[in-house]
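See structure below.
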Amino acid sequence: PGLRRPPLDASWLQPAPRFQRPGPHRRRGAPSQASGAGQAFGGCPRPYAAMTAGPACEVAAGLAPKVFQVADGKGGRRFRVERMLPEHYAQCVDMATDAFLTRNEVFKVLGVTERAFRDFAGSDLKACMGSGLSLVAVDDTSGQLAAFLFIEQFNAFDMHTPKDAKMQVAYRVGERLYKSAIRKGTIRKRALLTGKMMHVNTGGTAAEYEGTGAGMALRSYVEEHARSHGFQWVCVEPANPATRHIWENKLGYSVTASTVLADFVDADRAAPWKGCSRVQEMAVCVKTVQDVAASWSTMLLHIEVLISACKKKPRFAFSLVA
Numbered sequence: 074p075g076l077r078r079p080p081l082d083a084s085w086l087q088p089a090p091r092f093q094r095p096g097p098h099r100r101r102g103a104p105s106q107a108s109g110a111g112q113a114f115g116g117c118p119r120p121y122a123a124m125t126a127g128p129a130c131e132v133a134a135g136l137a138p139k140v141f142q143v144a145d146g147k148g149g150r151r152f153r154v155e156r157m158l159p160e161h162y163a164q165c166v167d168m169a170t171d172a173f174l175t176r177n178e179v180f181k182v183l184g185v186t187e188r189a190f191r192d193f194a195g196s197d198l199k200a201c202m203g204s205g206l207s208l209v210a211v212d213d214t215s216g217q218l219a220a221f222l223f224i225e226q227f228n229a230f231d232m233h234t235p236k237d238a239k240m241q242v243a244y245r246v247g248e249r250l251y252k253s254a255i256r257k258g259t260i261r262k263r264a265l266l267t268g269k270m271m272h273v274n275t276g277g278t279a280a281e282y283e284g285t286g287a288g289m290a291l292r293s294y295v296e297e298h299a300r301s302h303g304f305q306w307v308c309v310e311p312a313n314p315a316t317r318h319i320w321e322n323k324l325g326y327s328v329t330a331s332t333v334l335a336d337f338v339d340a341d342r343a344a345p346w347k348g349c350s351r352v353q354e355m356a357v358c359v360k361t362v363q364d365v366a367a368s369w370s371t372m373l374l375h376i377e378v379l380i381s382a383c384k385k386k387p388r389f390a391f392s393l394v395a
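If you're matching positions, the sequence shown starts at 74 in the working numbering and goes up one per residue.
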């Protein structure tokens, strides 16, 4: 599950003491991929109109439907990889809610409620859909929605803290992982600070399409998707062993930091995942998807960060594919 990027403590992003610290990352953090399966959650979702209205949806609403590629699945199935549009949003949220709260051990042990998850969806996931970067896999024969990925530009300058205390715990794990990656030098500050990294926030697959290759069709396309929009890196925070296996071993992403969740101890000395099996880890996976141009001077990077911090968004504007 990779809900959003963990809120980043600006102290380790600060390029130089004389510059103002950029604020914490807006929506990074909880794990990046659900347990794979997803279907309509038997709750009381928000009215569709309320979920698909507002500034966060303006970009997506202004884009035409787009089929990026048709991929082969298993058993003769084929899936269209398409741009996520507002009409897909409510169903994708239902699929994500079911996958995280009923199929994902990490969130089940943590005890996140449906209301808390849907509140998260109403802010973080809605903004991902509005970015125009999110994707869906559609059964080429039946036209059914089979899988989804909520995707966004990595933005280290827009502060965001979830309201729910248990969701905040998941964010803090992500924050520690990014700090660890910075300390170890396994993730580049330029990737974090320039806006040229695409972030796969959350993904899932409809229950009836589990094991059909729908999710793999989407994840396999992410690298090309990032390049076509002008990004140089992709990051994702899988918190499911099977999903991490796909990103790391099948698609070649590097694990920049990881932790066994059963060992996580929060600031108040609580161990929220004490009951989790030790196979449950959260990781930060990153891949360079196109050659990085000649490095900026340190001074230019400092100026870029200062401007971005003032605007609360990266100066780099990715190019949307019509």
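Quick reminder that beta carbons are idealized off the backbone N, C-alpha and C, glycines included.
message: What would DSSP say about T285, mapped onto helix, strand or coil?
response: Residue numbering aside, residue 285 sits at position 212 when the sequence shown is read from its first letter. In this structure, T285 counts as coil in the three-state DSSP scheme.
F337 versus S350, T329, Y326, residue with shortest Cα-Cα distance: Walking along the sequence shown from the start, residue 337 turns up at place 264. Answer by Cα proximity: S350.
- request: Using only alpha-carbon positions, find the residue among Q217, D341, E187 that is nearest to R150.
  value: The count along the sequence shown starts at 1 and reaches residue 150 at position 77. Among Q217, D341, E187, the Cα nearest to that of R150 is on Q217.
message: I'd like to know whether the C-beta atoms of S195 and R156 end up nearer to each other than 8 angstroms.
response: For this step, residue 195 is matched to residue 122 along the sequence shown. For this step, residue 156 is matched to residue 83 along the sequence shown. This sequence places Gly at residue 195; Ser is not what is there. Against a cut-off of 8 angstroms, the Cβ pair of R156 and G195 comes out as no contact.
- prompt: Is G325 close to chain B, meaning its C-beta is less than 8 angstroms from at least one C-beta of that chain?
  reply: Of the chains in the structure shown, none is chain B; there is only one protein chain.
G276, enclosing beta strand (DSSP E) - first and last residue: Position 203 of the sequence shown, counted from the start, is the residue given in the question as residue 276. Start and end: 270 to 279.
- prompt: W320: which of G258, A290, R188 sits nearest, CA to CA?
  reply: As a working mapping, residue 320 is identified with position 247 in the sequence shown. Among G258, A290, R188, the Cα nearest to that of W320 is on A290.
field: Neighbourhood of M240 by C-beta distance below 7 angstroms, restricted to the same chain and skipping five residues each side
entry: Along the sequence shown, one-based indexing puts residue 240 at 167. A103, V185, A189, F193, listed in sequence order.
message: My output table needs one value for T267: the three-state DSSP class, helix, strand or coil.
response: Working through the sequence shown from its first residue, we reach residue 267 at position 194. In the three-state reduction of the DSSP assignment, T267 falls in the coil class, being assigned neither a helical nor a strand state.
message: Please classify P260 as buried or exposed, where buried requires at least 16 other C-beta atoms within 10 Å of its C-beta.
response: Residue numbering aside, residue 260 sits at position 187 when the sequence shown is read from its first letter. The amino acid at residue 260 is misidentified as Pro; the sequence shows Ile. Buried, by the Cβ-count rule.
- prompt: Does the Cβ-Cβ distance between W306 and V359 come in under 8 angstroms?
  reply: Within the sequence shown, numbered from 1, the residue matching residue 306 stands at position 233. Within the sequence shown, numbered from 1, the residue matching residue 359 stands at position 286. Against a cut-off of 8 angstroms, the Cβ pair of V359 and W306 comes out as a contact.
query: How would you write the range of the alpha helix (DSSP H) that A200 sits in, first residue to last?
result: Here residue 200 corresponds to residue number 127 of the sequence shown, with the count starting at 1. 199 to 203 is the extent of the alpha helix (DSSP H) around A200.
- prompt: Going by DSSP, what residues sit across from L65 in a beta bridge?
  reply: Residue numbering for the chain in the displayed model covers 74 to 395; residue 65 lies beyond these limits and cannot be assessed.
message: Determine whether the beta carbon atoms of L334 and E310 lie at a separation below 8 angstroms.
response: Residue mapping note: residue 334 aligns to position 261 of the sequence shown, counting from 1. Residue mapping note: residue 310 aligns to position 237 of the sequence shown, counting from 1. It is not a contact, given that the beta carbons lie outside the stated cut-off.
field: Sheet register partners of C358 (DSSP bridge)
entry: Translated into the one-based positions of the sequence shown, residue 358 becomes position 285. According to DSSP, C358 bridges with V309, V328.
query: How would you write the range of the alpha helix (DSSP H) that A144 sits in, first residue to last?
result: Counted from its first residue, the sequence shown places residue 144 at position 71. Unbroken run through A144 is the beta strand (DSSP E), 140 to 145; no alpha helix (DSSP H).
Candidates D339, P314, S293, T275: closest to A200 by CA position: For the purposes of this step, residue 200 is identified with residue 127 of the sequence shown, where counting begins at 1. Considering only alpha carbons, the answer is T275.
- prompt: Does the separation of the CB atoms of T285 and K147 fall below 8 angstroms?
  reply: Counting from one through the sequence shown, the residue named residue 285 turns up at place 212. Counting from one through the sequence shown, the residue named residue 147 turns up at place 74. Going by C-beta atoms, T285 is nearer than 8 angstroms to K147.
- prompt: Would you call the region 376 to 393 and the region 292 to 303 touching, i.e. three or more CB-CB distances under 8 angstroms?
  reply: yes
query: Taking only runs of the beta strand (DSSP E) that begin and end inside the region 141 to 181, which ones reach a length of at least 3 residues, in chain order?
result: 151 to 156
- prompt: Got a sec? Which residues, its chain only, sit under 7 angstroms from V242 by beta carbon, not counting five neighbours each side?
  reply: As a first step, residue 242 must be located in the sequence shown, where it is residue number 169. Excluding positions up to five away in sequence, the list reads L183, D339, P345.
- prompt: DSSP beta-bridge partners for V333?
  reply: As a position in the sequence shown, residue 333 is number 260, starting the count at 1. BP columns for V333 point to E354.
query: Just reading off the alpha helix (DSSP H) that R317 is part of, what are its end residues?
result: Counting from one through the sequence shown, the residue named residue 317 turns up at place 244. Segment 314 to 318, the alpha helix (DSSP H) holding R317.
message: Beta-carbon within less than 6 angstroms of P314's beta-carbon, same chain only, minus the 5 sequence neighbours each way: which residues are those?
response: To locate residue 314, count along the sequence shown from 1; it is residue 241. Answer for P314: V352, listed in chain order.
query: Are the CB atoms of T170 and L250 nearer to each other than 8 angstroms?
result: In the sequence shown, counting from the first residue as 1, residue 170 sits at position 97. In the sequence shown, counting from the first residue as 1, residue 250 sits at position 177. For T170 and L250, no; Cβs fall outside 8 angstroms.
message: For a test of the three-state rule: what should DSSP assign to K262, helix, strand or coil?
response: Your numbering for residue 262 matches position 189 in the sequence shown. In this structure, K262 counts as helix in the three-state DSSP scheme.
query: Given that a residue counts as buried once 16 or more other Cβ atoms are within 10 Å of its Cβ, and exposed if not, what is R317?
result: Taking the first residue of the sequence shown as position 1, residue 317 is located at position 244. The residue is buried, with at least 16 neighbouring Cβ atoms inside 10 Å.
- request: Flag this pair as yes or no: are the beta carbons of K386 and N177 separated by less than 8 angstroms?
  value: Taking the first residue of the sequence shown as position 1, residue 386 is located at position 313. Taking the first residue of the sequence shown as position 1, residue 177 is located at position 104. Not closer than 8 angstroms, so no.
query: Sorted by chain position, which residues of the same chain lie with C-beta nearer than 7 angstroms to A299's C-beta, five sequence neighbours on each side aside?
result: Here residue 299 is taken as the residue at index 226 of the sequence shown, counted from 1. Here the set comprises M271, V307, V362.
message: What does the alpha-carbon distance come out to for the pair A395 and R342?
response: By one-based count along the sequence shown, residue 395 stands at place 322. By one-based count along the sequence shown, residue 342 stands at place 269. If I take the Cα positions, the gap works out to 50 angstroms.
task: Could you spell out where the alpha helix (DSSP H) holding K257 opens and where it closes?
output: Here residue 257 corresponds to residue number 184 of the sequence shown, with the count starting at 1. First-last of the alpha helix (DSSP H) with K257: 238 to 257.
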